[in-house]
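**Student:** Here you go, one structure.
Chains as they are written, first to last, in the working numbering: chain A, 1 to 97; chain B, 1001 to 1235; chain C, 2001 to 2257; chain D, 3001 to 3197.
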């Protein structure tokens, strides 16, 4: 088993789980109990962390790391577009509210 | 067993279906003369109250037999195999509309039967069912037009010494398609030749459908299957 | 190009069907978006009185537009015939082709005939009881948007055939695009439940996003059907690539046939 | 360094660059991601307009259950990534075991989801009860449809790895790519439904 175990993938999994657990910490840090308060900081942080995870999954699990440059650029562009669209929609909604 | 086994049975179902259609047509009290779209809700409701049984039995007949035209259409599709076409596209076009045409008719019988199911309901609702039935019946022609059109194109493209159907059948189908067109506009007016009881939308349309079935029956009877052992031509 | 040479082109039926497909989808777009203005759809939360005003506001458009569909709607079968042909050209069972043919042949009645009938009946008597008019309004929009199963299963059948095919009739990515289109039929289902909001029949998700996906899908498949006809060699093996552009490929195909 | 069009391998010290699986699957990944992004945008826009109401709905969710969901799905992704590497090295037994492990994690995720839905519906929080739960059930539901399709994909993967004559590394990688997509969609949905405030 020693030779076939992929340390890099395990490390990636650990990082992803770590980020996921960070959410618990964020939630705990902000507090709120039964009726939590709204927070732009938490929202932006949650979205950004999720997109970091998406990029890690693409680069490592989906092996974009070894893919031709075009695919690397396309997936990076996707993450950027997602970030812009999600944060933009959130900001626009707050402006309208 | 040959590829043509049973085709003659399908062919001879046509007179039976025709008898049923004609019987149902005369049995339905709203066809001779066709009910007017200008009738008030009260009059429409009274019509279904007075003629409940005849509406029901005639429409049950149509409900049974309107889809019986599909085997005949499939027989035409089989004859099209003998046409000098490079691809089966035209046959697929015909199959694609052959099912929908009787289903549209079937839908209108459902509305008529619903109208007669509880004739004592509010007159406005009976009028609604009546309108739905007549519009589906009169305007539900897109697939009939398409059948004529596709058949005409198929015949025009069938360029061989002895075509499956004569060139005149294509011309006839084009004329039939054109004659059906006014019925599509029946919603635009409540009286005149375009209204659902008008000269164009009712008489021309239904006579053309009857004529089309008769003409196609004759040419279908004459067209012998190609490519296999010839069956002696009926009629 | 003389008439005779057009007649002797072995692809004439394919081209006729393709041009009829383009004509049908153009007509469909013009009727639904311009003449009847029934798309983007009316509001599902309208009161009976508002529905009456809605019908009054587009009385002529509805009647003329849907009359055009009543006359020419059967042309939709040409797209269906071409797609059936494309599946038959693949290295898969013909059962896929015939399933697709039957599914979409059935789909025509609930998919567009019902809305035409309901809206025509609604528009022809503007003085009808508003509550009854709203019944027709609901029937029209919901039968149009809510006829989901045939398109869902049809797309999945086409997808499976494309993914299994070895004859390269369609690129595999189009197979996956079929899955995206099938998923829009899942997304539209809540329009049967909501009277308002993003998932209603006019909602941002259930209508706008779906219509973009469907529009892209339709445009792409019409283009790919054209490519298929250009590449067709009437053989049974893999479809050749478009080596020297359209006309040259056609000459080659004619020489081969 | 870039693989040529025909995909011939260039012998260099580093791994040659190649697209994992069919490039066509990447079209799906990018296209479907854009579709999901549009759903998320609609959700975030409407959420930002009625933040307190959404937050009130959100307070009925259990954050740690979402965290467990996420970790289960991340684990399944990890397993299928390991499986791809095993298959590439020709260790098909190990790859098959990983594929089955992936499906098992997927099933656990599905079970957790059903439990969560049942709990909410039992509490009276349904598809139609509030704005937040409309989005919640829509997004988790459409993700669940992708997950169910994923089980079919994993079935293809297991069949590929089982039969000696069927094995195709391209198909293996294509299936894995689909599954990772299901995974990262959930990562986003989790952040947007459970964490944002």
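For glycine and all other residues, C-beta sits at the position ideal for the given N, C-alpha and C.
Treat the numbers as computed from the prediction; the structure is a model and nothing was measured.
1) Which same chain residues, not among the five before or five after residue 2249 of chain C, have their C-beta less than 7 Å away from its C-beta?
2) Tell me, please, whether the CB atom of residue 3136 of chain D is closer than 8 Å to any CB atom in chain C?
3) Could you work out which residue in C/2112, C/2046, C/2166, C/2088 is closest to residue 2144 of chain C when comparing CA atoms only?
4) With distances taken Cα to Cα, identify the nearest neighbour of residue 1177 of chain B among B/1189, B/1143, B/1037.
5) Measuring straight from C-alpha to C-alpha, what distance separates residue 1047 of chain B and residue 1019 of chain B?
6) Thinking C-alpha only, which one of C/2086, C/2080, C/2196 is nearest residue 2151 of chain C?
7) Does the CB of residue 93 of chain A have a neighbour CB from chain D at under 8 Å?
8) Compute the Euclidean distance between the alpha carbons of residue 3131 of chain D and residue 1205 of chain B, then round it to the nearest angstrom.
9) Buried or exposed, going by whether 16 or more other CB atoms sit within 10 Å of the CB of residue 2236 of chain C?
10) Just to confirm, is the Cβ distance from residue 3133 of chain D to residue 3125 of chain D under 8 Å?
11) To the nearest angstrom, report how far apart residue 3020 of chain D and residue 72 of chain A are at their CA atoms.
12) Quick one: which chain D residues come within Cβ less than 7 Å of residue 2192 of chain C?
13) Apart from the five residues just before and just after residue 3007 of chain D, which ones in its own chain have a Cβ nearer than 7 Å to its Cβ?
14) Applying the 10 Å Cβ sphere with the 16-neighbour rule, what's the burial state of residue 1171 of chain B?
15) Give the DSSP-derived three-state secondary structure of residue 2170 of chain C in the structure shown.
16) Expressed to the nearest angstrom, what Euclidean distance is found between the alpha-carbon atoms of residue 2121 of chain C and residue 2105 of chain C?
17) Taking only runs of the beta strand (DSSP E) that begin and end inside the region 3043-3073 of chain D, which ones reach a length of at least 3 residues, in chain order?
18) Out of B/1173, B/1179, B/1188, B/1006, which has the shortest C-alpha to C-alpha gap to residue 1135 of chain B?
19) How many Å lie between residue 1038 of chain B and residue 2101 of chain C at the Cα?
20) For the putative contact between residue 2099 of chain C and residue 2157 of chain C, defined by C-beta atoms under 8 Å, what is the C-beta separation to the nearest angstrom?
21) Quick check on residue 3017 of chain D: does DSSP put it in helix, strand or coil?
22) Does the Cβ of residue 1208 of chain B have 16 or more other Cβ atoms within 10 Å, making it buried, or fewer, making it exposed?
23) What do you reckon, are the CB atoms on residue 3102 of chain D and residue 3079 of chain D nearer than 8 Å?
24) Rounded to whole angstroms, what is the Cα-Cα separation between residue 1190 of chain B and residue 3042 of chain D?
25) When the cut-off is 8 Å and only beta carbons count, does residue 1185 of chain B lie next to chain C?
26) Do residue 3195 of chain D and residue 46 of chain A have their beta-carbon atoms positioned less than 8 Å apart in this structure?
27) Just to confirm my understanding: we take residue 3086 of chain D, look at its own chain, exclude 5 residues before and 5 after, and list those with CB closer than 7 Å. What are they?
28) Residues in its own chain within less than 8 Å of residue 49 of chain A by CB, not counting five upstream and five downstream?
29) Is the Cβ-Cβ distance between residue 3049 of chain D and residue 3169 of chain D less than 8 Å?
30) Would residue 3216 of chain D pass as a contact of residue 3025 of chain D if the rule is Cβ separation under 8 Å?
31) Do residue 51 of chain A and residue 15 of chain A have their C-beta atoms within less than 8 Å of each other?
32) Residue 2224 of chain C and residue 2233 of chain C: beta carbons closer than 8 Å?
33) Express the C-alpha separation of residue 3062 of chain D and residue 2128 of chain C in angstroms, rounding to a whole number.
34) On the DSSP letters alone, give me the boundaries of the alpha helix (DSSP H) that residue 3107 of chain D sits inside.
35) Would you say residue 1010 of chain B and residue 1102 of chain B are within 8 Å of each other, going by their C-beta atoms?
36) Mapping DSSP to helix, strand and coil, what is residue 1143 of chain B?
**Tutor:** Judging by the given coordinates:
1) The residue labelled residue 2249 of chain C in the question sits at position 249 within the third chain. In this predicted model, residue 2249 of chain C has a pLDDT of only 45, less than 50, meaning its place in the structure is not dependable; the value taken from the coordinates is given anyway. Within the same chain, residue 2249 of chain C has close Cβ partners 2230, 2231, 2242, 2243.
2) In the fourth chain, counting from the first residue as 1, residue 3136 of chain D sits at position 136. No, because no Cβ of chain C sits closer than 8 Å to the Cβ of residue 3136 of chain D.
3) Here residue 2144 of chain C corresponds to residue number 144 of the third chain, with the count starting at 1. The candidate whose alpha carbon is nearest that of residue 2144 of chain C is C/2112.
4) Stepping through the second chain from its first residue, residue 1177 of chain B is reached at position 177. The shortest C-alpha separation from residue 1177 of chain B is found at B/1143.
5) Working through the second chain from its first residue, we reach residue 1047 of chain B at position 47. Working through the second chain from its first residue, we reach residue 1019 of chain B at position 19. Roughly 26 Å separates the two Cα atoms.
6) Along the third chain, one-based indexing puts residue 2151 of chain C at 151. Nearest option by C-alpha distance: C/2080.
7) Here the question's residue 93 of chain A lines up with position 93 in the first chain. Yes, residue 93 of chain A lies at the interface with chain D (some Cβ there is under 8 Å from its Cβ).
8) By one-based count along the fourth chain, residue 3131 of chain D stands at place 131. By one-based count along the second chain, residue 1205 of chain B stands at place 205. Cα to Cα, residue 3131 of chain D sits roughly 52 Å from residue 1205 of chain B.
9) What you label residue 2236 of chain C is simply residue 236 of the third chain in a count that begins at 1. That one is exposed.
10) Indexing the fourth chain from 1 puts residue 3133 of chain D at position 133. Indexing the fourth chain from 1 puts residue 3125 of chain D at position 125. In this structure, residue 3125 of chain D lies closer than 8 Å to residue 3133 of chain D by Cβ.
11) The residue you call residue 3020 of chain D lines up with position 20 of the fourth chain. The residue you call residue 72 of chain A lines up with position 72 of the first chain. Taking the straight line joining both Cα atoms gives about 12 Å.
12) Numbered from 1 along the third chain, position 192 holds the residue referred to as residue 2192 of chain C. Neighbours of residue 2192 of chain C on chain D: none; closest Cβ ~11 Å, over 7 Å.
13) To locate residue 3007 of chain D, count along the fourth chain from 1; it is residue 7. Any reading at residue 3007 of chain D must be qualified, since the residue scores a pLDDT of 38, below 50, and its modelled position is unreliable; no value is offered.
14) By 1-based counting over the second chain, the position of residue 1171 of chain B is 171. By the 10 Å Cβ count, residue 1171 of chain B comes out exposed.
15) Sequence index remark: in the third chain, residue 2170 of chain C carries index 170 (1-based). If DSSP states are grouped into helix, strand and coil, residue 2170 of chain C belongs with coil.
16) In the third chain, the residue the question calls residue 2121 of chain C occupies position 121. In the third chain, the residue the question calls residue 2105 of chain C occupies position 105. Each residue's alpha carbon lies about 24 Å from the other.
17) none
18) By one-based count along the second chain, residue 1135 of chain B stands at place 135. Nearest of B/1173, B/1179, B/1188, B/1006 to residue 1135 of chain B, Cα basis: B/1188.
19) For the purposes of this step, residue 1038 of chain B is taken as residue 38 along the second chain, with counting starting at 1. For the purposes of this step, residue 2101 of chain C is taken as residue 101 along the third chain, with counting starting at 1. Computed Cα separation, rounded: 41 Å.
20) Residue 2099 of chain C sits at position 99 when you count from the first residue of the third chain. Residue 2157 of chain C sits at position 157 when you count from the first residue of the third chain. About 5 Å separates the two Cβ atoms, so the contact holds.
21) Taking the first residue of the fourth chain as 1, we reach residue 3017 of chain D at position 17. Reduced to three states, the DSSP call for residue 3017 of chain D is strand.
22) Within the second chain, residue 1208 of chain B is the residue found at index 208, counting from 1. The residue is buried, with at least 16 neighbouring Cβ atoms inside 10 Å.
23) For the purposes of this step, residue 3102 of chain D is identified with residue 102 of the fourth chain, where counting begins at 1. For the purposes of this step, residue 3079 of chain D is identified with residue 79 of the fourth chain, where counting begins at 1. Yes.
24) Taking the first residue of the second chain as 1, we reach residue 1190 of chain B at position 190. Taking the first residue of the fourth chain as 1, we reach residue 3042 of chain D at position 42. About 46 Å.
25) If you number the second chain from 1, residue 1185 of chain B lands on position 185. Closer than 8 Å to some Cβ of chain C, the Cβ of residue 1185 of chain B qualifies, so yes.
26) Here residue 46 of chain A is taken as the residue at index 46 of the first chain, counted from 1. Here residue 3195 of chain D is taken as the residue at index 195 of the fourth chain, counted from 1. Yes.
27) For the purposes of this step, residue 3086 of chain D is identified with residue 86 of the fourth chain, where counting begins at 1. So the qualifying residues of the chain are 3094, 3095, 3098.
28) As a first step, residue 49 of chain A is located in the first chain; it is residue number 49 there, counting from the start. So the list reads 19, 22, 23, once near-sequence residues are dropped.
29) If you number the fourth chain from 1, residue 3049 of chain D lands on position 49. If you number the fourth chain from 1, residue 3169 of chain D lands on position 169. No.
30) Any property of residue 3216 of chain D remains undetermined from this structure, which presents chain D solely from 3001 to 3197.
31) Sequence index remark: in the first chain, residue 51 of chain A carries index 51 (1-based). Sequence index remark: in the first chain, residue 15 of chain A carries index 15 (1-based). No; because the gap between Cβ atoms is not below 8 Å, this pair is not in contact.
32) Reading the third chain from its first residue, position 224 is the one you call residue 2224 of chain C. Reading the third chain from its first residue, position 233 is the one you call residue 2233 of chain C. No, Cβ-Cβ distance for residue 2224 of chain C and residue 2233 of chain C is not below 8 Å.
33) Here residue 2128 of chain C refers to the residue found at position 128 of the third chain. Here residue 3062 of chain D refers to the residue found at position 62 of the fourth chain. Cα-Cα distance, rounded: 52 Å.
34) As a first step, residue 3107 of chain D must be located in the fourth chain, where it is residue number 107. First-last of the alpha helix (DSSP H) with residue 3107 of chain D: 3092-3122.
35) Position 10 of the second chain holds residue 1010 of chain B. Position 102 of the second chain holds residue 1102 of chain B. Not a contact, by the Cβ cut-off of 8 Å.
36) The sequence position of residue 1143 of chain B within the second chain is 143, counting from 1. Correct three-state label for residue 1143 of chain B: helix.
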